Amino acid sequence: MAQEDILLTMQKDLANALKKTQDKRRWGMVLDTRKCVGCFACTIGCISEYKLPPGVVYRPVLEKATGTYPEVKRQFIPRPCFQCENPTCVGVCPVGATKKEPDGIVSIDYAKCIGCRSCVSNCPYGARTFDAGTYYTEETAQPQEYEKGGFYEYGKLWRRNGKSSDVIGSARKCHFCTSRISQGLLPICVTTCIGRATYFGDLKDDQSLVRKVLTSNKVYRYKEESGTDPQVYYI
Amino acid sequence: MNKTTRVILAVLFVLGIGAALGKALLWGESVTNYGAYVPWGLWVGLYVLLVAAAAGSAWVAVYVSQGDEGAGDLSRMCLITAGASLVFGLAFIGIDLGKPFKGFLIFISPSFSSKLAWASWLYVGFFIAVAGYLFSGAKKAFLYLAAVAAVGFLLAESLFFSGMVARAAWSSFLTPIAFFISAIVAGTAMVCLMAEISGTSLGKASDGLRKILLYAIGADVAMEVIHAFTSGSYFGLIAVAILIAPIYLLLNKEKPLGVMTSGLALFGLAVGKYGFVRYGFSTEAMPGLTEAFQDARLSLAYMPSVVEWLVAIGFVAGMILVADAALKKLMPQSR
Numbered sequence: 004m005a006q007e008d009i010l011l012t013m014q015k016d017l018a019n020a021l022k023k024t025q026d027k028r029r030w031g032m033v034l035d036t037r038k039c040v041g042c043f044a045c046t047i048g049c050i051s052e053y054k055l056p057p058g059v060v061y062r063p064v065l066e067k068a069t070g071t072y073p074e075v076k077r078q079f080i081p082r083p084c085f086q087c088e089n090p091t092c093v094g095v096c097p098v099g100a101t102k103k104e105p106d107g108i109v110s111i112d113y114a115k116c117i118g119c120r121s122c123v124s125n126c127p128y129g130a131r132t133f134d135a136g137t138y139y140t141e142e143t144a145q146p147q148e149y150e151k152g153g154f155y156e157y158g159k160l161w162r163r164n165g166k167s168s169d170v171i172g173s174a175r176k177c178h179f180c181t182s183r184i185s186q187g188l189l190p191i192c193v194t195t196c197i198g199r200a201t202y203f204g205d206l207k208d209d210q211s212l213v214r215k216v217l218t219s220n221k222v223y224r225y226k227e228e229s230g231t232d233p234q235v236y237y238i
Numbered sequence: 004m005n006k007t008t009r010v011i012l013a014v015l016f017v018l019g020i021g022a023a024l025g026k027a028l029l030w031g032e033s034v035t036n037y038g039a040y041v042p043w044g045l046w047v048g049l050y051v052l053l054v055a056a057a058a059g060s061a062w063v064a065v066y067v068s069q070g071d072e073g074a075g076d077l078s079r080m081c082l083i084t085a086g087a088s089l090v091f092g093l094a095f096i097g098i099d100l101g102k103p104f105k106g107f108l109i110f111i112s113p114s115f116s117s118k119l120a121w122a123s124w125l126y127v128g129f130f131i132a133v134a135g136y137l138f139s140g141a142k143k144a145f146l147y148l149a150a151v152a153a154v155g156f157l158l159a160e161s162l163f164f165s166g167m168v169a170r171a172a173w174s175s176f177l178t179p180i181a182f183f184i185s186a187i188v189a190g191t192a193m194v195c196l197m198a199e200i201s202g203t204s205l206g207k208a209s210d211g212l213r214k215i216l217l218y219a220i221g222a223d224v225a226m227e228v229i230h231a232f233t234s235g236s237y238f239g240l241i242a243v244a245i246l247i248a249p250i251y252l253l254l255n256k257e258k259p260l261g262v263m264t265s266g267l268a269l270f271g272l273a274v275g276k277y278g279f280v281r282y283g284f285s286t287e288a289m290p291g292l293t294e295a296f297q298d299a300r301l302s303l304a305y306m307p308s309v310v311e312w313l314v315a316i317g318f319v320a321g322m323i324l325v326a327d328a329a330l331k332k333l334m335p336q337s338r
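The following block contains the structure:
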């Protein structure tokens, strides 16, 4: 019998997790760098989903080359927000616009954010970017309206359509596609991953695929010494 | 201050206000050059400098209040200078915000885990104390209150920077010490500068202030050197080179504590503060991050934009003009 696509498995795990209350689940990711081919589909999918402007990127893919010729190795490292258990970005926000949600997601309230960029400065992973209010096509012959279209983040519809937009001038970051997962959809970076290198789900569910992958592999996390306790693991 | 200087400063101030309003109302962040990997630059550097100058001026006010005749006038001058410094320091951080008109939220819904929020409350306390000193009879109480508030906001601000675990160049116990030393330099130099510009005599306090400025600049130079070699960011050594000039001038007791000495001290500090802020962002958070997705705002390169320069120069000119006007208005006996 053919093995089930892991997307379908994670979709079922997601549905199970959503049956629990928010505080009973803990969203996390495992990124298998052995399977990542560096296609950047996750980066582009994310940009497309959230109509990200110039200077804002939620999920860049870093390239790492190690060794010396002829023993060389090239590795791709997708870098979402690590949704740290002890997020350094939260405490420095002077207006409480960013917080740790009960399900582990570090959220930003764009309506509250004043754009001081303290959180941007204090993220050890460079996961926060700043929305300067620019558009990719604004200085071209034909500015594209889709750049000002609506998108869903943190369960709300937002628009970047002028100076009064709450999003413009705010800090921005990956949020594991909060609005998608609340509707039972996997994060866009997970569904667009052609190598199926991204595992996502409820880390508190021992039966979930993400948990099984986490416990059955030798995993590592970035900058553990900083005490942030990131919820994104790498294989 | 002669008329020509006043006109030049006024023109610069108007240009600065125009650029600031343009940024806040029309152009937004598109006319600034900071971004995600270098999120703070020239304006934050000048904010740090002017906040330090405000704190230091308040402490100088306490110092000169211990003198004999005319001590009250000097304290008054110091506190007016401190107030003007803080107003413009906050103007820099206000215009630096992505949403300048939402800055008031820091008072309505503050997060008490943020040292920046604490600093904001202490700024308000400081303004109240300065106003109390200027317009009430309880001079001594408000003078000390202003000095304590200055210790408070500078401590909050320095702990804010030193608590940035993501920034190796700042995350050190030396950061608060450096902030307090530079506040003494900035405050003393600012008071001497404004005294010279406004024609206020420092009287017998002059010798004491000369010594304080000399020793404080010496300590500041030492801190810059330590910071350069511990953080690997050598930009601060440019500040050290500039600060040698006021040290030389201060060592020569025949030279007056004039615009040149205090101006050079402040310029050296400004360079140091800019370097401290800007080169706190000199390394990638993760190796390869700046190459992973390319954009001008996703880079470690940063040069202030024309608008950033216009606002910076304009606000500094404005600070001098406003302080001078306030001294004229509130210290008629010294003119």
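These protein sequence lines are chains X and B, in that order.
If you read the first sequence in my numbering, its first letter stands for residue 4, the second for the next number, and so on.
If you read the second sequence in my numbering, its first letter stands for residue 4, the second for the next number, and so on.
Even for Gly, the Cβ is constructed at its ideal location relative to N, Cα and C.
As the structure is a prediction and not an experimental result, all values here were calculated from the model.
Asked                                                                                                                                                                                           : Found
How big is the Cα-Cα spacing for X:PRO127 and B:PRO103?                                                                                                                                         : 26 Å
At the level of alpha carbons, what is the spacing between X:LYS54 and X:ASP106?                                                                                                                : 25 Å
For X:CYS39 and B:LYS118, I'd like the C-alpha separation in whole angstroms.                                                                                                                   : 41 Å
Using a Cβ-Cβ cutoff of less than 8 Å, which residues in the same chain neighbour B:SER337 once the five nearest sequence positions on both sides are dropped?                                  : Note on B:SER337: pLDDT 46, under 50, position unreliable in the model; the coordinate value appears next. If we look at B:SER337 and ignore the five residues flanking it on each side, its Cβ neighbours are ASP76, MET80, SER201, GLY202, THR203, SER204 and LEU330.
Using three-state DSSP, classify B:ARG338 as helix, strand or coil.                                                                                                                             : In this prediction, B:ARG338 has a pLDDT of 43, which is less than 50 and means its spatial position is unreliable; nothing more can be read from the coordinates.
Mind checking if X:ASN2 is an interface residue toward chain B, Cβ cutoff 8 Å exclusive?                                                                                                        : Because chain X in this structure spans residues 4 to 238, residue 2 of chain X falls outside the shown range and cannot be described.
Please go through the same chain and pick out, in chain order, the residues whose beta-carbon is closer than 8 Å to the beta-carbon of B:ALA288, but skip the five residues on each side of it. : TYR40 and ALA169
Taking C-alpha atoms, which residue in B:ALA219, B:LEU18 and B:SER139 lies nearest to B:PHE183?                                                                                                 : B:ALA219
So, under 8 Å CB-CB, B:PHE270 and B:ILE245 are touching, yes? Tell me the CB distance rounded to an integer number of Å.                                                                        : 6 Å
With 16 as the cutoff for other CB atoms within 10 Å, does X:THR194 come out buried or exposed?                                                                                                 : buried
Classify B:SER78 as helix, strand or coil using the three-state DSSP reduction.                                                                                                                 : helix
Would you report the Cα separation of X:GLY41 and B:GLY235, rounded to the nearest angstrom?                                                                                                    : 33 Å
Of the residues that make up the segment 48 to 70 of chain X, which ones have a beta carbon closer than 7 Å to any beta carbon in chain D?                                                      : Going by chain labels, chain D is absent from the structure shown, which instead holds the protein chains X and B.
Between the segment 97 to 122 of chain B and chain X, which residues of the former have a C-beta closer than 7 Å to a C-beta of the latter?                                                     : LEU100, GLY101, LYS102, LYS105, GLY106, LEU108, ILE109, SER112, PRO113, SER114, SER116, SER117, LEU119 and ALA120
How about X:PRO97: is its C-beta nearer than 8 Å to some C-beta of chain B?                                                                                                                     : yes
Along the chain, where does the alpha helix (DSSP H) containing B:GLY166 start, and where does it finish?                                                                                       : From DSSP, B:GLY166 is part of no alpha helix (DSSP H); its letter is neither H nor E.
CA-CA distance, X:GLY187 and B:TYR277?                                                                                                                                                          : 48 Å
Which first and last residues belong to the beta strand (DSSP E) in which B:TYR218 is found?                                                                                                    : Segment 208 to 234 is the alpha helix (DSSP H) holding B:TYR218; no beta strand (DSSP E) there.
How about X:GLY158: is its C-beta nearer than 8 Å to some C-beta of chain B?                                                                                                                    : no
Between B:SER33 and chain X, is the shortest Cβ-Cβ distance under 8 Å, so that the two count as touching?                                                                                       : yes
By Cβ distance below 8 Å, which residues in the same chain neighbour B:VAL310 in space, the five residues on each side in sequence not counted?                                                 : ALA22, GLY25, LYS26, TRP30, VAL34 and THR35
Using a Cβ-Cβ distance cut-off of 8 Å, determine whether B:TRP46 contacts chain X.                                                                                                              : no
Using 8 Å as the threshold, is the C-beta distance between X:GLU88 and X:GLN234 below it?                                                                                                       : yes
Return the first residue and the last residue of the alpha helix (DSSP H) that B:TRP121 is part of.                                                                                             : 118 to 138
Just to confirm the assignment, what range does the alpha helix (DSSP H) spanning X:ASP205 have?                                                                                                : Here X:ASP205 belongs to no alpha helix (DSSP H); instead the beta strand (DSSP E) covers 201 to 205.
Quick one: is B:VAL274 buried, meaning 16 or more other Cβ sit within 10 Å of its Cβ, or exposed?                                                                                               : buried
Does any residue of chain X have a CB that is nearer than 8 Å to the CB of B:VAL310?                                                                                                            : no
DSSP three-state label for X:PRO97, please.                                                                                                                                                     : coil
Enumerated in chain order, which unbroken segments of the alpha helix (DSSP H) with a length of 4 residues or greater are wholly contained in the segment 252 to 293 of chain B?                : 262 to 281
So B:TYR60 packs on B:SER88, CB below 8 Å; how close in whole Å?                                                                                                                                : Inspection of the sequence shows that residue 60 of chain B is occupied by Ser rather than by Tyr. Rounded, the Cβ-Cβ distance is 6 Å, consistent with contact.
Looking at the secondary structure, which residues open and close the alpha helix (DSSP H) in which X:PHE79 lies?                                                                               : Where X:PHE79 is concerned, there is no enclosing alpha helix (DSSP H), although the beta strand (DSSP E) it sits in stretches over 74 to 81.
Hey, would you say B:ALA55 sits closer than 8 Å to B:SER185, going by beta carbons?                                                                                                             : yes
Of all the alpha helix (DSSP H) runs that stay within the bounds of the segment 8 to 51 of chain X, which reach a length of 4 or more residues?                                                 : 9 to 21
Check each residue of the segment 290 to 308 of chain B: if its Cβ is closer than 8 Å to any Cβ of chain X, include it; give the result in chain order.                                         : PRO290, GLY291, LEU292, GLU294, ALA295, PHE296, ASP298, ALA299, ARG300 and LEU301
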